[in-house]
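To start, the structure itself, in structure tokens.
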């Protein structure tokens with residue numbers, strides 16, 4: 064019989080329709096990946112993770128293997144809706160393995176389009192005694208508040224960092240804090 068040659072890179076595409084692009088304030092992406100991923104929207108790169116910075120080819124491996132425990136950690140990013148068009152849009156995923164011996168290529172992608180009148184999504188990633196909160200850049204005007212009892216609220220004083228993936232702030236994690 065013939066042997067199947069292993070691949071470093073695989074590609075996937077899905078089309079979806081947007082009735083009115085001007086009604087969308089932002090895009091939320093949640094990604095599980097093993098190993099590296101590049102997400103495209105209508106031919107424009109939207110999100111890149113665990114890949115070298117230079118141009119990619121079909122033979123380019125991921126920057127590093129993703130450990131088994133990290134394969135189930137969602138990567139969350141908020142991006143502007145600039146690449147959307149009215150009508151048919153196409154999201155494409157380029158999945159790169161760290162080597163030819165990986166054999167366990169996998170990914171999951173969730174894309175959420177947020178209308179202007181929606182509340183901003185808040186992603187929380189716990190890490191030991193801290194939690195990193197993230198929300199999209201379009202929601203910069205909102206204030207982050209916490210509460211111990213969900214009736215009395217306090218505005219958090221930590222200044223969020225605004226970057227490519229949205230706004231982020233890391234706070235001490237306590238059982239009494241709710242956001």
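In this note's numbering, the protein residues as written are 64 to 242. Cβ coordinates follow ideal geometry from the N, Cα and C atoms, glycine included.
- In the three-state reduction of the DSSP assignment, residue 172 falls in the strand class, which pools E and B.
- Taking residue 217 as the centre and dropping the five residues before and after it, the same chain places the C-beta of 208, 209, 210 closer than 8 Å to its C-beta, in chain order.
- For residue 220, there is no enclosing beta strand (DSSP E), since its DSSP letter is neither H nor E.
- With distances taken between CA atoms, residue 91 lies nearest to 185 out of 185, 194, 79.
- Counting of Cβ neighbours within 10 angstroms places residue 160 among the buried residues, the total reaching 16 or more.
- Below 8 Å, enough C-beta pairs join the region 91-111 and the region 151-160 to call them touching: three or more.
- If the five residues before and after residue 104 are omitted, its C-beta is found closer than 6 Å to the C-beta atoms of 146, 154, all from its own chain and listed in chain order.
- Residue 98 sits in coil when the DSSP states are folded into three classes, being neither helix nor strand.
- In this structure, DSSP gives residue 187 an extended state, which the three-state scheme calls strand.
- For residue 106, DSSP records no beta bridge to any residue.
- Straight across, the Cα-Cα distance linking residue 140 with residue 183 is about 13 Å.
- Cβ neighbours of residue 80 within its own chain (closer than 6 Å, five residues either side excluded): 151.
- It is roughly 20 Å from the alpha-carbon of residue 224 to the alpha-carbon of residue 191.
- Rounded to whole angstroms, residue 200 and residue 171 show a C-alpha spacing of 24 Å.
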